[in-house]
Every structure is written in C-alpha cells, then in structure tokens.
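**Student:** Under full-length UniProt numbering, residues 1 to 572 are what the sequence shown spells out, in order. C-beta: ideal position from N, C-alpha, C; glycine also. Predicted, not measured: the structure shown is a model, and the values here were computed from it. There's a structure below that I have some questions on.
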Amino acid sequence: MPAQNDQGLVDILLKNKAINQEQYERVKTDLVATGESVEKILLKHNYVTPLALTKAKAEFYNIPFIDLSAAGLSPQAMYLLPEAVALRFLAFPFAYDAKEQKLSVAMANPLDLTAIEFLETKTGQRIEPYIAMTDQIRETIEEKYAQSLSAEVTEALKETTELGKPKAIDTKELNEIINDPPIAKIVATLLDFAIKLRASDVHIEPLEDKTRVRYRIDGILHEKLILPKNVHEAVISRIKILCGMKIDEKRIPQDGRFNFKANEQEVDLRVSSLPSVHGEKIVMRLLQKSGNVPDLPDLGLRGLSLKNLETAIRVPHGIILVTGPTGSGKTTTLYSLLHRLNTPKVNIITLEDPVEYEMPGISQVQVNPQAGLTFASGMRSFLRQDPNIIMVGEVRDTETADLAIQASLTGHLVFSTLHTNSASGALPRLLDMKAEPYLLASSMTCVLAQRVVRKVCDACRENYQPVTEVAEDIKKVLGPLFKPDPGKPFMLQRGRKCVQCNNTGYFGRIGIFEDFLVDEKIGRLILEHAPASEIEKQALSNGMISMKQDGYLKAIEGVTTIEEVLRVAETQ
Numbered sequence: 001m002p003a004q005n006d007q008g009l010v011d012i013l014l015k016n017k018a019i020n021q022e023q024y025e026r027v028k029t030d031l032v033a034t035g036e037s038v039e040k041i042l043l044k045h046n047y048v049t050p051l052a053l054t055k056a057k058a059e060f061y062n063i064p065f066i067d068l069s070a071a072g073l074s075p076q077a078m079y080l081l082p083e084a085v086a087l088r089f090l091a092f093p094f095a096y097d098a099k100e101q102k103l104s105v106a107m108a109n110p111l112d113l114t115a116i117e118f119l120e121t122k123t124g125q126r127i128e129p130y131i132a133m134t135d136q137i138r139e140t141i142e143e144k145y146a147q148s149l150s151a152e153v154t155e156a157l158k159e160t161t162e163l164g165k166p167k168a169i170d171t172k173e174l175n176e177i178i179n180d181p182p183i184a185k186i187v188a189t190l191l192d193f194a195i196k197l198r199a200s201d202v203h204i205e206p207l208e209d210k211t212r213v214r215y216r217i218d219g220i221l222h223e224k225l226i227l228p229k230n231v232h233e234a235v236i237s238r239i240k241i242l243c244g245m246k247i248d249e250k251r252i253p254q255d256g257r258f259n260f261k262a263n264e265q266e267v268d269l270r271v272s273s274l275p276s277v278h279g280e281k282i283v284m285r286l287l288q289k290s291g292n293v294p295d296l297p298d299l300g301l302r303g304l305s306l307k308n309l310e311t312a313i314r315v316p317h318g319i320i321l322v323t324g325p326t327g328s329g330k331t332t333t334l335y336s337l338l339h340r341l342n343t344p345k346v347n348i349i350t351l352e353d354p355v356e357y358e359m360p361g362i363s364q365v366q367v368n369p370q371a372g373l374t375f376a377s378g379m380r381s382f383l384r385q386d387p388n389i390i391m392v393g394e395v396r397d398t399e400t401a402d403l404a405i406q407a408s409l410t411g412h413l414v415f416s417t418l419h420t421n422s423a424s425g426a427l428p429r430l431l432d433m434k435a436e437p438y439l440l441a442s443s444m445t446c447v448l449a450q451r452v453v454r455k456v457c458d459a460c461r462e463n464y465q466p467v468t469e470v471a472e473d474i475k476k477v478l479g480p481l482f483k484p485d486p487g488k489p490f491m492l493q494r495g496r497k498c499v500q501c502n503n504t505g506y507f508g509r510i511g512i513f514e515d516f517l518v519d520e521k522i523g524r525l526i527l528e529h530a531p532a533s534e535i536e537k538q539a540l541s542n543g544m545i546s547m548k549q550d551g552y553l554k555a556i557e558g559v560t561t562i563e564e565v566l567r568v569a570e571t572q
C-alpha cells in the first residue's frame, strides 16, 4: 500500500474506536515530525492490530475486506492462478464466477493496478480485488495450495468438464458420470477430510451459482470448499447411490446410510437429502464405528453432579432423564451410563433413532416408523423381553411417557432423553404430556441437563487477564464457589489459534452439566404442578451447581473459555 500521509485513515480508526484520542494526537504529531507513513507510525507504537488497520484501510479506500480464515475455498479459482504468481503479488484467489468470468482475489495491496492488470492477463478473467491482512494472505497461500483437499478436488474437476463452462447433465449420461473416477474421487476426498478434521457432519449445499461444502467441527460449521455448480448433481447422485436412495426422486426428502473407511478408520454415515430452491442439499452425519465409549468423568462430569448420577444408577428401578437440545451430547452420556451397568448379570435393551454406537452385550433396536416400530410400540414389546434396564432414545409423546413411568414402577431402570433447556424444565414438560403427577413423583430418580463446549487448544493456549466486567460477572455467577488465589492476579486461558486447531483456538469438546435427585421436597413440587423456576430453586438449595456455574468453573481451570460457556448456556 502506498505511503499515506493523509490523516483520513487515522480519522477512521478514531471513529471506529480502534485508537483513543491521545493516540490520535500522537500520530498527528509524528506525521509532521518524522514524515513516516500513517501505517508505519501506528504499527511502530502498537496502537492497532493488523486486523483493525486492514479494516480501516478497506473503509478508507472503499475496497471490500475479506477474512480468509472464514472464507470458503474454490478449487476453480486456485486452478486459474498458479501458486508462484499468487506468492509474487501476495494475491490469493478465493472465489470464481464463471458466468461473469470474474475472479475474486484477496490482495495485500489492491491499489496496485499493474499487478491487477498482470493477473487479468495471466488468468483471462476480470479481477475483483479485495483487501486482506498480509500475513493471512501469505499463510493461506502456503496452506491452501499445499492442502491435498484442494489439490485432489481440483485435479478431479479438471477431468470432468472444462473449467468455467457449466454443462447440464443429461439423464441418460447420469449413470456413467456418477461412477466416473473424478466424481467418485471428489466424494471420497470430501469424506476422507471429514475424518481427518474430526467433523461430525458434512453439509453439501447448492447455492445459486456454486455448491458450498461445510464441515461441523467441535459443534461449529466451517466452510471448507466451493465446488462449481456443474458438478453438483453428479456429486449428490453419487452419494445417493452409495446410501441406497432413489437418484431420480428429487421432490421429497430421503434418508439413507452407508459405511466409509479411510486410514483404517471406519465410519457409519447417516445421510439426509432435502430439496431446495437451487437443488438438493445433502447432510451426512459421521458416526464412529470404532472407538471406546467415554467414562462419565471423561465427559466432564464431576463433584456432586457425578455423585448424583452414580447414586441414581445404583437404584434398580426409576427413570433417569438426560435433557438438552439436539447435538448436546445426550446420547453419548446415556451410552456412558449403560457402559457402567453392562454386565452379564443384567439384560439391557435399547430403542434408538438411530443406533449411533454398537455396544457388545446390549440388545440395540433401531426404530422403524414405516414398519410400525415406534418408541411407544417398541416399549410395549420390550416389557415382554424380561429386561432389567431399558433405554428409550427420546420421550416424544404421552404414550411413551406413560409407558416409561409404568416400566419404572414395575421394577425396571429406564433411561431416556427429553428436549428441554434446563434440568428443572423436564418435570413440567412431562406434566404437559399428561403424566400423572403422583406417578411421576414416585418414578423419577434423577434429571440431568447438559451442553457441550469447545476445549481450549493445548498446542496454543495462553494466559490472559480478563477485563473487569468479565471478572465481576464470574464473581456474581459463582458466588461462594469463586475462590481466586489472593496472592496472584486472576487469570483465564484461551487459544492463540494455530494450525493444529484449524485457527480456532479450540480443539475437542467437553460437557457442562447440572443435575438433581428427585427427593421428597421436589416430589411435593411435582404434585403441586410447580413451575420450573420453583423446582430449580429447590434443586439449588439442595446443592445443585447450575450449568452456567459448571461452565465458569471449567473456564477458570482453563478447560474452556467464558465466551464458549455463554454461547451455549447464556439462557441459564
């Protein structure tokens, strides 16, 4: 970027509160005294971060800003611009519009008209320049051009149709195309990288002019790849054939599953298709077939929460409920509980949708509504199988709730899940399902609520002192549980962001929990149809640590961050 002695850039930084008034005056003085550029003065004094400076430049020069760490990767765009040219001009091509013949390029110096003219001549495309941080451009070029995901997909795309010229796929050709090595290679590469990146889900989404591939890693979606629209139908059809769906049926949602093996790791993929405005969207859930069921402390359970659960599972009858939204790890917790109880002396039967882990020694049943096997009908059949322990994937209706209560009252230990925001909200929810209060009070043993938070990356963790407002919030939420060392400054931990954690600062996940045993006092509240707030108040007086408190305690220990806890448990 050319030297800029105009103070317009500093005015924008002051307006955006990136610098204060004192720093603003100091920069103006240095401009006159030294004749150095605004950028050099700002960075010399560490007044601004490179990110804040780059965003201010974008506003000052009226050029769009791009954060490459959050942008999807287009193999087509990278194919058009060789790595050597990208490094020479510090320009990374991140998007390509074949219809407009337009290549979007992140540049360290988007005002360099000579460089833009050269890039247009080299690629044969119209260049649309964006501004990005210099270090980020350099790192992205080195990482993405070397990354085999883009390289392999780009090679496969070169073998399909000529890049930049979308081609409609004729129905007669479809069977040949979907079994073509290039298309099969694209699908295999997407799945291979899903396993390498520890993704739980892969989203293949058609947009108006491209197909976006996103991976859910540690609960957060990351855009990793952009495919040209002309291969979308072939890729989707290839996946549909693998999982036994009808490839000619595109008007209604379909479900299927198949196995995939990469690097001696086998995964079971649960696949769902959904018709959308721009074509079919596919979501693949990856279920690890190999891998041990984690023990309760490994999930993040400890202290009174762990003690309550261990007390509850020692009772040979009753209902233990695990609550939380979809994706909060309820099923994993249930498997951990069953793993503890699984011995040759007990008969354990589960009814699941789907069966996510195969556990030896346990009879696991997959629901099949089309064949009439629902949670309710399965529960009725289970009671004729002489079970000791029954696990029902979810209490969805009045009939299932009644059967679970009856099973617990006849001497069975019943595990299930429920979608509620807190542990205390589960009991009023069951009353809403017309469960009899006196039966519910005598059958319910323990209620657990949970969320999953991302763990701080061990490879790049660092200490930092939180701002006063955060420290006060921690003190307020934890109350007497907050016991800082009086001789040391109060510190938290976070990830600096590195290659190992995919530049997120987090690696892996752990649970935060709240649970309570249903004692006589809570039983009385059930009989009185008390609201969730009253039940929670009683549970807290019994010693329950709330989910938010559990999260804050884990943040103080450096396991996670306050931001993560607030992201998943801010309603608590």
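Which class does L81 belong to by DSSP, given the choice of helix, strand or coil?
**Tutor:** Mapped onto the sequence shown, residue 81 falls at position 81. L81: coil per DSSP, three-state reduction.
**Student:** Considering only residues of the stretch 413–456, which uninterrupted beta strand (DSSP E) runs meet the minimum length of 3 residues and lie entirely inside it, listed in chain order?
**Tutor:** The qualifying runs are 413–418 and 444–456.
**Student:** For the pair the stretch 253–272 and the stretch 108–121, tell me if three or more CB-CB distances fall below 8 Å.
**Tutor:** no
**Student:** Quick one, which of Q493, V452, P428 and D485 has its alpha-carbon nearest A459's?
**Tutor:** Taking the first residue of the sequence shown as position 1, residue 459 is located at position 459. With distances taken between Cα atoms, A459 lies closest to Q493.
**Student:** Apart from the five residues on each side of it in sequence, which residues of its chain come closer than 6 Å, Cβ to Cβ, to H222?
**Tutor:** Looking up residue 222 in the sequence shown gives position 222. Residues Y215 of the same chain have their beta carbon placed closer than 6 Å to that of H222, with the five preceding and five following residues left out of the count.
**Student:** If you check the beta carbons only, do L9 and F60 fall under 9 Å apart?
**Tutor:** Taking the sequence shown and counting its residues from 1, one reaches residue 9 at position 9. Taking the sequence shown and counting its residues from 1, one reaches residue 60 at position 60. It is a contact, given that the beta carbons lie within the stated cut-off.
**Student:** Tell me Q265's beta-bridge partners as DSSP assigns them.
**Tutor:** Mapped onto the sequence shown, residue 265 falls at position 265. According to DSSP, which records beta bridges pairwise, Q265 is partnered with A262.
**Student:** Can V568 and S328 be called in contact, C-beta distance under 9 Å?
**Tutor:** Position 568 of the sequence shown, counting from 1, holds the residue named residue 568. Position 328 of the sequence shown, counting from 1, holds the residue named residue 328. Their beta carbons are under 9 Å apart, which means V568 touches S328 by this criterion.
**Student:** Is V355 near I389, with beta carbons less than 9 Å apart?
**Tutor:** Along the sequence shown, read from residue 1 onward, the residue named residue 355 stands at position 355. Along the sequence shown, read from residue 1 onward, the residue named residue 389 stands at position 389. The answer is no: Cβ separation not under 9 Å.
**Student:** Among R340, R496 and L517, which one has its Cα closest to the Cα of Q538?
**Tutor:** If you number the sequence shown from 1, residue 538 lands on position 538. Nearest of R340, R496 and L517 to Q538, Cα basis: L517.
**Student:** Please state the DSSP three-state secondary structure of D97.
**Tutor:** For the purposes of this step, residue 97 is taken as residue 97 along the sequence shown, with counting starting at 1. Note: D97 maps to strand in three-state DSSP.
**Student:** Using CA atoms only, rank isn't needed, just tell me which of K102, E394, R138 and D432 is closest to I127.
**Tutor:** In the sequence shown, residue 127 corresponds to position 127, counting from 1. The residue with the shortest Cα to Cα distance from I127 is K102.
**Student:** Restricting to Cα atoms, I'd like to know which of S74, K250 and V467 is closest to K210.
**Tutor:** For the purposes of this step, residue 210 is taken as the residue at position 210 of the sequence shown. It is S74 whose Cα lies nearest to the Cα of K210.
**Student:** Starting from the Cα of I241, find the closest Cα among Q76, L478, H278 and V187 and give me that residue.
**Tutor:** To locate residue 241, count along the sequence shown from 1; it is residue 241. With distances taken between Cα atoms, I241 lies closest to V187.
**Student:** Measuring alpha carbon to alpha carbon, tell me which residue in M284, V267 and L225 is nearest Q254.
**Tutor:** Mapped onto the sequence shown, residue 254 falls at position 254. Answer by Cα proximity: M284.
**Student:** Enumerate in chain order the residues of its own chain whose CB-to-CB distance from K28 is below 8 Å, with the five nearest sequence positions on each side excluded.
**Tutor:** Working through the sequence shown from its first residue, we reach residue 28 at position 28. Within the same chain, K28 has close Cβ partners Q7 and V10.
**Student:** Should the stretch 374–391 be regarded as contacting the stretch 295–309, the criterion being three or more beta carbon pairs within less than 8 Å?
**Tutor:** no
**Student:** Consult DSSP for K554 and reduce its assignment to one of helix, strand or coil.
**Tutor:** To locate residue 554, count along the sequence shown from 1; it is residue 554. Helix at K554.
**Student:** Within the present structure, is the beta-carbon of Q23 separated from the nearest heavy atom of the ligand PLP by less than 8 Å?
**Tutor:** Only the bare structure without any ligand can be found here, which leaves the ligand PLP out of the picture.
**Student:** Using the Cβ count rule (16 or more neighbours within 10 Å means buried), how would you classify N503?
**Tutor:** To locate residue 503, count along the sequence shown from 1; it is residue 503. N503 comes out buried.
**Student:** Use the C-beta contact count for T114: other C-beta atoms within 10 angstroms, 16 or more gives buried, fewer gives exposed.
**Tutor:** Start at 1 with the first residue of the sequence shown, and residue 114 comes out as number 114. Result: exposed.
**Student:** What do you get for H412, buried or exposed, if any count of 16 or more other CB atoms within 10 angstroms of its CB means buried?
**Tutor:** In the sequence shown, residue 412 corresponds to position 412, counting from 1. Buried, because 16 or more other Cβ atoms sit within 10 Å of the Cβ of H412.
**Student:** Are the CB atoms of S416 and V322 within a distance shorter than 9 Å?
**Tutor:** Locating residue 322 in the sequence shown gives position 322, counting from the first residue. Locating residue 416 in the sequence shown gives position 416, counting from the first residue. Yes, Cβ-Cβ distance for V322 and S416 is below 9 Å.
**Student:** With distance defined between alpha-carbon atoms, name the residue in V231, G543 and I313 nearest to Q76.
**Tutor:** Counting from one through the sequence shown, the residue named residue 76 turns up at place 76. Of V231, G543 and I313, the residue nearest in Cα terms is V231.
**Student:** Spatial neighbours of E436 within its chain, please: C-beta separation below 8 Å, excluding the five flanking residues on both sides.
**Tutor:** Here residue 436 refers to the residue found at position 436 when the sequence shown is read from its first residue. Same-chain partners within the cutoff: I405.
**Student:** According to DSSP, D515 sits in a beta bridge with which residue or residues?
**Tutor:** For the purposes of this step, residue 515 is identified with residue 515 of the sequence shown, where counting begins at 1. The partner list for D515 (beta bridge, DSSP) reads L448.
**Student:** Assuming I512 and V453 are in contact, meaning their beta carbons sit under 8 Å apart, how far apart are those beta carbons, in whole angstroms?
**Tutor:** As a first step, residue 512 is located in the sequence shown; it is residue number 512 there, counting from the start. As a first step, residue 453 is located in the sequence shown; it is residue number 453 there, counting from the start. Between V453 and I512 the Cβ distance is about 6 Å, and since that is below 8 Å, they are a contact.
**Student:** Can you list, in chain order, the residues of its chain with a C-beta nearer than 8 Å to that of K144? Leave out the 5 residues immediately preceding and following it.
**Tutor:** As a first step, residue 144 is located in the sequence shown; it is residue number 144 there, counting from the start. If we look at K144 and ignore the five residues flanking it on each side, its Cβ neighbours are L73, M78, F92 and S150.
**Student:** If you measure between the beta carbons of I116 and T54, is that distance less than 9 Å?
**Tutor:** In the sequence shown, residue 116 corresponds to position 116, counting from 1. In the sequence shown, residue 54 corresponds to position 54, counting from 1. Their beta carbons are not under 9 Å apart, which means I116 does not touch T54 by this criterion.
**Student:** Excluding the 5 residues flanking E564 on each side, which residues of the same chain have their C-beta closer than 8 Å to its C-beta?
**Tutor:** Locating residue 564 in the sequence shown gives position 564, where the first residue counts as 1. Hits under 8 Å: V453, R454, Y506, G551 and A555.
**Student:** Which same chain residues end up closer than 8 Å to P344 when comparing Cβ atoms and leaving out the 5 residues on each side of it in sequence?
**Tutor:** Sequence index remark: in the sequence shown, residue 344 carries index 344 (1-based). Apart from the 5 residues on each side of it in sequence, P344 sits with its Cβ closer than 8 Å to the Cβ of G361 in its chain, given in chain order.
**Student:** With M379 as the anchor, note down where its beta strand (DSSP E) starts and where it stops.
**Tutor:** Numbered from its first residue, the sequence shown carries residue 379 at position 379. M379 -> not in any beta strand (DSSP E); alpha helix (DSSP H) instead, spanning F375 to F382.
**Student:** Counting C-beta neighbours from all protein chains within 10 Å, is the total for Y96 16 or more, i.e. buried, or is it exposed?
**Tutor:** Within the sequence shown, residue 96 is the residue found at index 96, counting from 1. Y96 should be labelled buried.
**Student:** Around the Cβ of S363, are there at least 16 other Cβ atoms within 10 angstroms (buried) or fewer (exposed)?
**Tutor:** Within the sequence shown, residue 363 is the residue found at index 363, counting from 1. Its Cβ having fewer than 16 others within 10 Å, S363 is exposed.
**Student:** Go ahead and label E25 buried or exposed: buried means 16 or more other beta carbons lie within 10 angstroms of its beta carbon, across all protein chains shown.
**Tutor:** Looking up residue 25 in the sequence shown gives position 25. With fewer than 16 Cβ atoms within 10 Å of its Cβ, E25 is classed as exposed.
**Student:** So what does I282 bridge to, in DSSP terms?
**Tutor:** Translated into the one-based positions of the sequence shown, residue 282 becomes position 282. DSSP output for I282 lists I204 and S273 as bridge partner(s).
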